[in-house]
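Chains as they are written, first to last, in the working numbering: chain C, -9 to 390; chain B, 910 to 1009.
Okay, structure coming up:
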């Protein structure tokens, strides 16, 4: 059993590195494929399969900032890192930007360890208290996000369009609706804008780790913001690390470096605590947590301890893997033509979509890409695009 | 912006007026994508009532989830239903219209 768990963990880390690096391949897709072909894994204990999913997802949260920062091709969790990350990349500091998110993710492991017992005991009471107000809480967060923009009419317009696109995506017979929706809104659109802007990054510098650090004050501000807002956002439907980071930076002001640290931390905290939330309240707030819930219908305390162990070990392994991978990427960036690289990534993402989704998915891909480009060109913030997930959640809660 | 509006409009029109696919077996149902509109007929061989919904199992092994707690007991009756493919826990039909 222990050997099976170790193998599952290592395979999860390898798979998470691949999903983190490959733009457009989401961990939810791998989890869905695993569940779909469960009959082929009958001889493997389901807890080992759960460990595989947990290790994969945690590694993914460490590594997914690589394409987001170096290629401008994020997924929904790393979307907000694109702007500060890309700015640093253009200055030749892409490696530094990534390492800051990596520090954040490593810090998140500590927060997950500290919050897991609190979540296990307090979340059932807290969740019962707020569950009837859930749609109103989501509406409040949405209004807040819209109104805090300078031009809130454009923000509102984008929010509504993204919301309708989300509703259409989740209510039409689309294969893997999240794939075209998110790769269009956050991935291909960013790459097209970057292609159009014709800006090429400076030569990437690889600084020694001890030179990449936050100031003490900056660190405490970012760490505090992540520790407060990420756990709060980890059990709300449609609310993810981007929202936690936005709320965190709103209440506790940060510079670019602090923001990257916080986005990295929020991303991993939300993923890690989503498994604790499945144990505490039986609700899955991430695709992989839903997969773990299906694998472990009678989720016990010992299962939770094994999964938390997997989070810690895969987190530490991913930290070192992240350093290794980002060094390769930084060196690679200096050798390759950025324009051709961007065209190559766009081609890969479109091919992945053609392969995994159907013709309706491709219509979603075109629409979401167009909306993503509009958001960048109108000067609105990308967080408004998260309405594609929040809006369907609000409708679901109001109608069920 | 035109691409966004055209795309969303098309998807909504498709969502509302998509063709309904008749299905006869669980095997046919499992090949379909979630949210596909389907119609199904058969005899109800089992009926389970939960807090908010009813689960009907037809003689062709297809399960239907229906928010129709007020309908009479349908066990043994021949029914015709329209709904969507739902893959929550297992592939089944989420009923929007039912007749017997």
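Just so you know, even glycine gets a beta-carbon here, dropped at the ideal spot from N, CA and C.
DSSP-derived helix/strand/coil call for residue i
i	result
residue 956 of chain B	strand
residue 1004 of chain B	strand
residue 183 of chain C	helix
residue 227 of chain C	coil
residue 358 of chain C	helix
residue 326 of chain C	coil
residue 993 of chain B	strand
residue 963 of chain B	strand
residue 972 of chain B	strand
residue 33 of chain C	coil
residue 947 of chain B	strand
residue 17 of chain C	helix
residue 321 of chain C	helix
residue 292 of chain C	helix
residue 242 of chain C	coil
residue 370 of chain C	coil
residue 202 of chain C	coil
residue 133 of chain C	helix
residue 27 of chain C	coil
Proximity of residue i and residue j at Cβ, strictly below 8 Å
i	j	result
residue 378 of chain C	residue 127 of chain C	no
residue 938 of chain B	residue 953 of chain B	no
residue 100 of chain C	residue 304 of chain C	no
residue 160 of chain C	residue 167 of chain C	yes
residue 215 of chain C	residue 109 of chain C	no
residue 307 of chain C	residue 40 of chain C	no
residue 85 of chain C	residue 195 of chain C	yes
residue 125 of chain C	residue 384 of chain C	yes
residue 91 of chain C	residue 42 of chain C	no
residue 978 of chain B	residue 992 of chain B	no
residue 59 of chain C	residue 21 of chain C	no
residue 310 of chain C	residue 96 of chain C	no
Close Cβ partners of residue i (< 8 Å) along its chain, the five nearest in sequence each way excluded
i	result
residue 193 of chain C	82 and 324
residue 240 of chain C	138
residue 31 of chain C	24 and 39
residue 930 of chain B	941, 945, 946, 947 and 948
CB contact check: residue i to chain B, cutoff 8 Å
i	result
residue 158 of chain C	yes
residue 21 of chain C	no
residue 387 of chain C	no
residue 165 of chain C	yes
residue 132 of chain C	no
residue 109 of chain C	no
residue 154 of chain C	yes
residue 173 of chain C	no
residue 364 of chain C	yes
residue 162 of chain C	yes
residue -7 of chain C	no
CB contact below 8 Å: residue i versus chain C
i	result
residue 978 of chain B	no
residue 991 of chain B	no
residue 938 of chain B	no
residue 912 of chain B	yes
residue 945 of chain B	yes
residue 974 of chain B	no
residue 951 of chain B	no
residue 932 of chain B	no
residue 920 of chain B	yes
residue 1002 of chain B	no
residue 917 of chain B	yes
residue 966 of chain B	no
Contact set for residue i: own chain, Cβ-Cβ below 7 Å, skip 5 residues either direction
i	result
residue 268 of chain C	274, 279, 282, 283 and 289
residue 956 of chain B	963, 965, 982, 983 and 984
residue 123 of chain C	none
residue 259 of chain C	98, 101, 102, 216, 220, 221 and 224
residue 47 of chain C	6, 17, 261 and 278
Residue i Cβ short of 7 Å to the ligand GTP heavy atom set
i	result
residue 950 of chain B	Ligands are entirely absent from the displayed structure, and the ligand GTP is therefore not among its contents.
Close-in-space but distant-in-sequence residues of the same chain around residue i (CB under 6 Å, 5 per side omitted)
i	result
residue 149 of chain C	136, 374 and 377
residue 114 of chain C	270 and 271
- Task: Would you be able to state if there are at least three C-beta pairs under 8 Å between the region 372 to 389 of chain C and the region 943 to 958 of chain B?
- Result: no
- Task: Could you tell me whether the region 349 to 364 of chain C touches the region 915 to 933 of chain B, where touching means 3 or more Cβ pairs closer than 8 Å?
- Result: yes
- Item | Cβ pair count under 8 Å reaching 3, the region 202 to 214 of chain C against the region 223 to 237 of chain C | no
- Message: Within 8 Å, do at least three Cβ pairs link the region 178 to 185 of chain C to the region 360 to 371 of chain C?
- Response: yes
- Message: For the region 75 to 92 of chain C against the region 247 to 259 of chain C, do three or more pairs of beta-carbon atoms, one drawn from each stretch, fall closer than 8 Å, so that the two count as touching?
- Response: yes
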